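Chains as they are written, first to last, in the working numbering: chain Z, 1 to 211; chain R, 1001 to 1251; chain E, 2001 to 2328.
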C-alpha cells in the first residue's frame, strides 16, 4: 500500500506503483451544463457568472451557490439549463447586434404570450447582464420585443433569450444563506497584515533588502 | 443560570462541529465531481467556523482560548457524539452522516436562536442560515441518490443502517438536561430527537430507503461524557501534529 | 496555480495556408482592435488547439495543485490556519472547474480532459510533482508558487479569448487571498521560534529549484511563437515572467533574513536583469515526463477519486440529458 506524506492519501489504501490506463470516460459522466447568474446586491441586474455541471437544476443550484457565490457578496441566484438559452450571433464591440439581425419567422409559437428573460453582452470578454423581461409567443418575437424595449440604443454585442419558466430562481427566504459571506474574513486578502511583524524583525536584525 | 450546564452544552455543540468539519475537510480534492468537492469544503469550513464561535463563547466564560481547547485536549476530554468521529468511509457514508447530523443541527440552531441565554441565541441566529443550506444540500442529495440506481440505494441503505445507532447517540442527555430546559436555554435532547425523526422520515419517505426500526436499536452513547471510539484520538493527534511542535508559537 | 513552460511546442497545425484568408484577416483585425474572441466566432485551428492545450493544462494544474497543499489540510495549526488552508485548497478545485469550463467552450469535453490527465496524455505544472514534506513547504507553495501563478495569470488575463479572460479575472481576484495568506504564514514562521525558522528555510531550500523552473525554459523565438503572440494567446515570454517574479519576491524573501539557495542570484544593476544559476532543465524534462518524486501518486489519487465517485455520477445520470457545451 502507498504510504504518502498526506495521511488522507495513505488512508485511500492505494496500490504502489504506476496505475494502468483508464477507459475513456463515458459521455455525460460529468453531467450536462447549467448556466448561473448572480445578483450582487438588491436591485442590481443579474449577471452571468459561469457554468456548472450537474444532474438536474436543484443540484445545479447547490453547486452554483458554492462555486460562484462563496467568495462574493450575493443576494440572488438564477440557474438555466444551457440547452434552454437561445443565442444570437456575436457582433463587434462597436456595433449593435439588433441592427444586424435578420428577423426570422418563428418555427414554433405558443398559443398564449409567455414571459422571456433577455440578457445583453455589452462588450466582448465581459459578462451578459439581465436587460429585462418581455412577453412573447416565440423566441423570435421575444427578440423583437427586446429590441423595442431595450435594444434601440447603445452597443450590444450579443443577446441571450430564455423562457422565464426555464429559470430556477432563488427565493426570498433563501437570502439568509448569503448573509454571513462578508464575515468570512479568513478568505479575504485584507485579513492578512504582516507589516508590523516584518518591520519589527528588520529592526531587530537590521536586514536590508539586498543582503 | 448554572454555568456548568451552559459550558457542557457549548462543548457538545463546539466539539461536534469541529470534528465533523475536520472529517468533511478530508474530502477536499477527492470528491465525486468537482462542483460537489467545492460544496462539501464550504460546509466543512462553516462547521469549523461554527465550532470556533462556540469555543469563543466558552472562552468568555473563562475556559482556555479556542486554539488551546481544540488542539491540546485528549479524546476523553471531548464531548462530541461518536457519529462525527467515525472515518469518512466512501461518499455514501459521508453523505448519510451529513444528512443525519445536519437535520439535527438545524433544529438545535432553531431552538437556540430563541434561547434565554443571550450569547448562544445571538450566535445561533447569525449562523442558522448556513446550517439551513447544509440541510438543503443533504436533503437534495439523499432525495436524488435515494431513488436512483439499485447500486446507490444499496450503498446508502447500508450506510444508513451503520450510522443510525451512532446518530441516536447525538441525543444522549446531559446531566444538566432538566436545568437547561427549565431555564429556557433550549427544549432538550428528547425534543430535538422527536423533531429530527419527523424531518428525516419526511425525506426518507420520498426515496427507496428505509429507516430501520429505531426501537430495536441500541444507541451508541458515551460521546457526550468523553467515551469515544478508537478513531477519535488518532484524528486529534493528526489535527494537532504541527500545533504541538510548539504550542506556544504563533503559526 | 500555473506556470508556463511546456505549453507552446509547435504542432502540425502551424501552417496557416489552409485557413480561409478573408476570415483569418477579419479574425486578426478583431484582435488587433483589442476585441476579445468569443466561442462562436470563427477562429484558426491553430488558435483553437493551442488554447485548448493551454487552458486544459492550466485546469489540470489547479486540480493536481490542490494535492501538495492538501497534504497539510488536516494538520494546519490553529483555527485561523485550518480554515484558511481549507479555503485555499478549495479555491484550487474551484479554479479547475472554471478553467475546464472555459476549455469546454472550445470543443473539448471535461470527460476527455480528465481521461487525458489520468492517462498521462496531457500535462500539468511540473512543480506539483514535488512533495510537501512539512507544513512549511505548504506555506512556501501558498506564497511563492501562487505568486508565480499570479504573474503568469495576470498576463494571460489580457489575452484574446473571452472565456479564458473571464475565468482568469475571477481566479486572480481569489488568488490575492492565497498570496497574502501564504506570505502571512511564511512571515510567522520566519519571525517565529528557531524551530519555525529552521523549518521555513529548509522548505525554501527544497522549493527554490522547482520555483525557478516554474515559468519554463527560455522561449525559442519562432514564427510560431510570433503568431501566438500576435493572436494574444501567449502574452509574455517565460523569461519575462521569471524576471518579474524575481523582482517582486526576492526582496521580500531577503527582508525576512532567509537565504535563497543560489549563490549566483543577484540583480545586475546595469542590465536591470536578475542573474541566476541556470536551472537543471534535464531534471525538469525528466520530471515532466513522469519521473518525478510524486507523479505516480498525484495521478493515482486523481484516478481513485474519479473511480470511487463513479457510482454517484452513474446514479444521477439523466438518460434524456444531452451534452451542450457551456456558452461562455
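Cβ atoms here follow ideal geometry from the backbone N, Cα and C, with glycine treated the same way.
What you are looking at is a predicted structure, and each value in this text was computed from that prediction instead of being measured.
Contact test: residue 133 of chain Z Cβ vs the ligand MG heavy atom, cutoff 7 Å: With respect to the ligand MG, the structure shown offers nothing to examine, as it has no ligands at all.
Helix, strand or coil at residue 1215 of chain R [DSSP, three-state]: It is helical.
Residue 85 of chain Z and residue 64 of chain Z closer than 8 Å at C-beta: no
Continuous alpha helix (DSSP H) stretch holding residue 2288 of chain E: start and end: 2281-2288
Proximity below 8 Å, CB of residue 2134 of chain E to CB of residue 6 of chain Z: No, the Cβ-Cβ distance between residue 2134 of chain E and residue 6 of chain Z is not below 8 Å.
Given residue 1200 of chain R as reference, the closest of R/1135, R/1062, R/1185 once Cα atoms are compared: Closest option to residue 1200 of chain R, Cα to Cα, is R/1135.
Closer than 8 Å at the beta carbon, the chain R residues around residue 63 of chain Z: Residues of chain R whose Cβ lies closer than 8 Å to the Cβ of residue 63 of chain Z are, in chain order, 1035, 1036, 1038, 1039.
For residue 33 of chain Z, three-class secondary structure by DSSP: DSSP places residue 33 of chain Z in strand when its eight states are reduced to three.
Host beta strand (DSSP E) of residue 135 of chain Z (start-end): 129-136
Test: residue 1153 of chain R CB closer than 8 Å to a CB of chain Z: no
Cutoff 8 Å: residue 67 of chain Z Cβ touching any chain R Cβ: yes
Per-residue burial, residue 2107 of chain E [other beta carbons within 10 Å of its own, 16 or more giving buried]: exposed
Given 8 Å, three or more beta-carbon pairs between the stretch 2162-2178 of chain E and the stretch 2096-2107 of chain E: yes
Collapsed DSSP secondary structure at residue 211 of chain Z in the structure displayed: Per-residue confidence for residue 211 of chain Z stands at a pLDDT of 44, beneath the threshold of 50, marking its modelled position as unreliable; the derived number appears in the next sentence. DSSP places residue 211 of chain Z in the coil class of the three-state scheme, outside both helix and strand.
Cβ neighbours of residue 2195 of chain E in the same chain (closer than 7 Å, five flanking residues each side left out): none
The stretch 1065-1076 of chain R / the stretch 2076-2096 of chain E touching (three or more Cβ pairs under 8 Å): They touch, by the three-pair rule.
Residue 119 of chain Z in three-state terms, based on DSSP: Note: residue 119 of chain Z maps to strand in three-state DSSP.
Short CB-CB distance (under 8 Å) between residue 71 of chain Z and chain E: Judged by the 8 Å Cβ criterion, residue 71 of chain Z is in contact with chain E.
Exposed unless 16 or more other CB atoms sit within 10 angstroms - verdict on residue 2199 of chain E: buried
Whole-angstrom distance between residue 2242 of chain E and residue 2226 of chain E, CA atom to CA atom: 19 Å
Positions along the stretch 1194-1226 of chain R whose CB lies within less than 7 Å of some CB in chain E: none
Residue closest to residue 2173 of chain E, alpha-carbon to alpha-carbon, out of Z/167, Z/149, Z/30, Z/187: Z/187
Among R/1226, R/1244, R/1232, R/1185, nearest to residue 1076 of chain R - alpha-carbon criterion: Of the candidates R/1226, R/1244, R/1232, R/1185, the one whose C-alpha sits nearest the C-alpha of residue 1076 of chain R is R/1226.
Residue interval of the alpha helix (DSSP H) (run including residue 2274 of chain E): Unbroken run through residue 2274 of chain E is the beta strand (DSSP E), 2273-2275; no alpha helix (DSSP H).
Beta-carbon gap between residue 160 of chain Z and residue 75 of chain Z smaller than 8 Å: No; because the gap between Cβ atoms is not below 8 Å, this pair is not in contact.
Cross-chain neighbours of residue 2073 of chain E in chain R, by beta carbon under 7 Å: 1025, 1028
For residue 2143 of chain E, the nearest candidate out of E/2125, E/2185, E/2036, E/2132 (CA to CA): Here the closest residue by C-alpha is E/2185.
Where the alpha helix (DSSP H) containing residue 2148 of chain E begins and where it ends: 2146-2157
Closest residue to residue 2065 of chain E among E/2049, E/2075, E/2090, E/2043 (Cα-Cα distance): Answer by Cα proximity: E/2090.
Closer than 9 Å at the beta carbon, the chain R residues around residue 2314 of chain E: Per Cβ cutoff of 9 Å: 1148, 1149, 1151, 1152.
DSSP three-state assignment for residue 9 of chain Z, whether helix, strand or coil: helix
Opposing strand residues paired with residue 50 of chain Z [DSSP bridges]: Z/36
Residue 2303 of chain E versus residue 2251 of chain E - alpha carbon distance: Taking the straight line joining both Cα atoms gives about 40 Å.
Near-chain E residues of the stretch 114-127 of chain Z - C-beta to any C-beta below 7 Å: 124, 125, 127
Backbone CA spacing between residue 155 of chain Z and residue 1209 of chain R [nearest angstrom]: 55 Å
Rounded straight-line distance, which links the Cα of residue 2097 of chain E to that of residue 2152 of chain E: 19 Å
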